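> With numbering that gives the first Met the number 0, letter number 51 in the sequence shown gets 50, and the count goes up by one each step, no holes. Note that beta-carbon positions come from the ideal geometry of N, C-alpha and C, so glycine has one too. Note that the coordinates shown come from a computational prediction; the quantities given were computed from them, not determined experimentally. Sending over a structure as structure tokens; questions will come in a sec.
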Amino acid sequence: MTFTTRFAPSPTGPLHLGHAYSAMLAFDLAQRAGGTFLLRIEDIDQSRARPQWEAQIFDDLAWLGLNWPEPVLRQSDNMKAYAQSLDNLWENNLLYQCDCTRRDIEEAANAPQEGVPSHGPDGLIYPGTCRAKHPRTGPRPKNVALRLDMATALATISGALSYTETGMDAGEIAIMDMPTTTGDIVLARRDMGTSYHLSVVIDDAAQDITHVIRGADLAEATQIHVILQHLLCLPTPIYHHHRLIRDDAGKRLAKRDDARAIAKYRAEGATPADIRQMLGLSPSLI
Ligand code: GLU
Numbered sequence: 000m001t002f003t004t005r006f007a008p009s010p011t012g013p014l015h016l017g018h019a020y021s022a023m024l025a026f027d028l029a030q031r032a033g034g035t036f037l038l039r040i041e042d043i044d045q046s047r048a049r050p051q052w053e054a055q056i057f058d059d060l061a062w063l064g065l066n067w068p069e070p071v072l073r074q075s076d077n078m079k080a081y082a083q084s085l086d087n088l089w090e091n092n093l094l095y096q097c098d099c100t101r102r103d104i105e106e107a108a109n110a111p112q113e114g115v116p117s118h119g120p121d122g123l124i125y126p127g128t129c130r131a132k133h134p135r136t137g138p139r140p141k142n143v144a145l146r147l148d149m150a151t152a153l154a155t156i157s158g159a160l161s162y163t164e165t166g167m168d169a170g171e172i173a174i175m176d177m178p179t180t181t182g183d184i185v186l187a188r189r190d191m192g193t194s195y196h197l198s199v200v201i202d203d204a205a206q207d208i209t210h211v212i213r214g215a216d217l218a219e220a221t222q223i224h225v226i227l228q229h230l231l232c233l234p235t236p237i238y239h240h241h242r243l244i245r246d247d248a249g250k251r252l253a254k255r256d257d258a259r260a261i262a263k264y265r266a267e268g269a270t271p272a273d274i275r276q277m278l279g280l281s282p283s284l285i
């Protein structure tokens, strides 16, 4: 299959140097492989997504010298696909309704068991309060949070799970001990009807992504993605998690780091070549 990768920003703030690194690295690797670079707008959180941020993303990426096929996939246009997968998991008895608030979870997690981690890639590990509380029969409930029953889900998968990593800590990465390290993750948020983890695996498959190139902060979440791929009969791409771009104090850049926003460097007269140099990327291939 031809090398196909993507950059998948959420339009909830300005792109900063960390995003530029991810996007340019993915673009460069696609160019070198004679493959395709896609842009996907991850806007399932409609309470935070803004059209002006989306417009700025297109503008900054084009300024950096990147191009991509149109039209781009916008996750808010793909809600039907996420709902269908949720139906499928629900019918297989792998989801349950959860009405815990963040505070309920914090309180229940305040009495951790020795040797069991309290945090996973999705934050606090859910203590399972609602696992047996609501019936799992009948039509899938809407406008509620749905969690994956991880232990039951894993029991349906035969054989060992792993994925190929070509970035940091490259090798074949085995997926182990998911119930204790991630717990029952949320696959549909009450306010969104889906979740990052569910949407990202569905869209990577729908867009025939062969190589996922993204920051090392998402490496841990990849275990969840591989499990979902198996449950939904989707292929597992190759993953390449790259180093994170940090500020002078060594802190990872966040959306609110406007000081590192690409727009700011542009306004100050930097060129795309300057940005590449700043990030330690080789000069543009095109
Ligand atoms: N939308 C995610 C973000 O902005 C990236 C998802 C991914 O690359 O898998 O952090």
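#1: Can you tell me which of Ser21, Glu267 and Leu16 puts its alpha carbon nearest to the alpha carbon of Phe6?
#2: Regarding Arg213 and the ligand GLU, is the C-beta to nearest heavy atom distance less than 7 Å?
#3: Rounded to a whole number of angstroms, what is the C-alpha to C-alpha distance between Asp121 and Leu217?
#4: DSSP puts Gln96 in a beta bridge; with which residues?
#5: From Asn87, Val211, Gly182 and Arg189, pick the residue whose C-alpha is nearest to that of Gly166; which is it?
#6: Say yes only if the C-beta of Pro138 is nearer than 7 Å to one or more non-hydrogen atoms of the ligand GLU, and no if none qualify.
#7: Enumerate in chain order the residues of its own chain whose CB-to-CB distance from Ile104 is below 8 Å, with the five nearest sequence positions on each side excluded.
#8: Verify the contact flag: Glu41, CB atom, against every heavy atom of the ligand GLU, threshold strictly below 7 Å.
#9: So which of Gln276, Ser46, Ile261 and Val143 has the shortest CA-CA distance to Phe57?
#10: Can we count Ser194 as close to the ligand GLU, meaning its CB is less than 7 Å from some heavy atom?
#11: CA-CA distance, Ser283 and Thr3?
#12: So for Thr3, helix, strand or coil by DSSP?
#13: For His224, count neighbouring C-beta atoms within 10 Å of its own C-beta (all shown protein chains included) and say buried if the count is 16 or more, exposed if not.
#14: I'd like to confirm the pairing. Which residues does DSSP put opposite Ala32 in its beta bridges?
#15: Hey, which unbroken runs of the alpha helix (DSSP H) at 4 residues or more fall wholly within the segment 198-281?
#16: For Ser75, which of helix, strand or coil comes out of DSSP?
#17: Pull up the DSSP beta-bridge partners for Ala187, would you.
#18: Is there a C-beta anywhere in chain D that falls below 8 Å from the one on Gln222?
#19: Beta-carbon separation of Gln206 and Leu24 under 8 Å?
#20: Leaving out five residues on either side along the sequence, give the residues of the same chain with a beta carbon under 8 Å from the beta carbon of Arg251.
#21: Under the assumption that Tyr292 contacts Glu164 (Cβ atoms under 8 Å), give the Cβ distance between them as a whole number of angstroms.
#22: Suppose you measure from the CA of Asn109 to the CA of Gly119; what does that come to, to the nearest Å?
#23: Taking Cβ positions, are Ile201 and Pro236 nearer each other than 8 Å?
#24: In the DSSP assignment, what are the bridge partners of His15?
#25: For Ala260, verify whether its CB is less than 7 Å away from any heavy atom of the ligand GLU.
#26: Mind checking whether Pro271 and Leu37 have CB atoms under 8 Å apart?
#27: Just the C-alpha distance for Lys132 and Leu85, rounded to the nearest angstrom, thanks.
The short version:
#1: Ser21
#2: The beta carbon of Arg213 sits closer than 7 Å to at least one heavy atom of the ligand GLU.
#3: 10 Å
#4: Paired residues: Leu145.
#5: Ranking Asn87, Val211, Gly182 and Arg189 by Cα distance to Gly166 puts Val211 first.
#6: no
#7: Leu123, Tyr125, Pro126 and Thr128
#8: yes
#9: Ile261
#10: no
#11: 19 Å
#12: strand
#13: Burial of His224 is indicated by the presence of at least 16 other C-beta atoms within 10 angstroms of its C-beta.
#14: BP columns for Ala32 are empty, so no partner.
#15: 221-230, 261-266 and 271-277
#16: helix
#17: According to DSSP, Ala187 bridges with Leu145.
#18: The chain labelled as chain D is not found in the depicted structure, where only one protein chain is given.
#19: no
#20: Gly17, Asp216, Leu243, Ile244 and Arg245
#21: The requested residue 292 does not occur in the structure, where the chain is confined to residues 0 to 285.
#22: 15 Å
#23: no
#24: Under DSSP, His15 shares a beta bridge with Ala260.
#25: no
#26: Going by C-beta atoms, Pro271 is not nearer than 8 Å to Leu37.
#27: Inter-residue distance for Lys132 and Leu85 is about 19 Å (C-alpha atoms, whole angstroms).
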